[in-house]
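Enquirer:
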Amino acid sequence: MKHKIYWALILVTFFAAGCASKKSAINQSAKADLLDLKDWKIDTLRKDVIWYQFSSTNDSEFANQNVNVVSFDPKLKMGNALLEYKKEKDSLSVFASRIPGAIAGINATYFIEKKDSADYMHLRLKGGDIQQVKVPKTSIYWWKHQGMMTFNDEGTEFDIQFSPTDFA
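Here it is, written out as structure tokens:
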């Protein structure tokens with residue numbers, strides 16, 4: 027059975043003028059981004075791109091966790107962040123490989139029809155709804171629904187915040 031899979035890909039793309047990205051020592055701003063450094067791996071991919079990784083397999087209250095965070099500082103003007111919405115079945119790796127100079131990519135969520143999946147989300151661009159699937163508060167997936175990214179039409183203002191309890 028064929029399912030249309032909608033991909034929301036947040037791709038952080040960077041264009042270096044003829045040189046490959048190098049891993050460098052952890053800088054002070056990378057350490058300042060974390061409240062607690064314990065168990066985090068910090069990898070500076072480029073001066074403006076830092077990759078944070080956390081893995082936990084020993085917390086008795088939670089399932090094993092793998093957390094990856096890519097931090098990008100646009101003020102350094104070394105690259106661009108590209109937010110893309112694609113309706114295709116290709117993996118993030120395949121999609122990102124089509125963008126010259128891309129050094130990081132994040133798969134935000136899968137857009138699968140409500141009847142096909144337990145992954146829910148709401149996507150609105152430039153005032154119009156692209157995907158809207160409401161999650162009841164009783165759903166076991168409610169926790170996935172409690173954050174949001176916002177940015178203005180010009181791409182000059184960006185924010186990540188927790189959603190209100192009645193987010194729909």
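Under this note's numbering, the first residue of the sequence shown is numbered 27, with each subsequent residue one higher.
Glycine included, C-beta positions come from ideal geometry on N, C-alpha and C.
1) Excluding the 5 residues flanking Asp74 on each side, which residues of the same chain have their C-beta closer than 7 angstroms to its C-beta?
2) Take Asn90 and list the residues in its own chain whose beta-carbon comes closer than 7 angstroms to its own, dropping the five residues that flank it on each side.
3) Could you check the C-alpha separation between Glu180 and Asp65 for me, to the nearest Å?
4) With DSSP collapsed to three states, give me the class of Leu109.
5) Between Gly127, Asp116, Val95 and Ser117, which lies nearest to Leu108 when the distance is taken from Cα to Cα?
6) What's the gap between the Cα of Phe80 and the Cα of Asp62?
7) Specify the secondary structure class of Lys67 as computed by DSSP and reduced to three states.
8) Should Arg72 go down as buried or exposed, given a rule of 16 or more other Cβ atoms within 10 Å for buried?
Expert: Reading from the atomic positions:
1) Phe98, Asp99, Leu102, Met104 and Gly105
2) Ser82 and Thr83
3) 37 angstroms
4) Residue state, collapsed to three classes: strand.
5) Gly127
6) 11 angstroms
7) strand
8) With at least 16 other beta carbons inside 10 angstroms of its own, Arg72 counts as buried.
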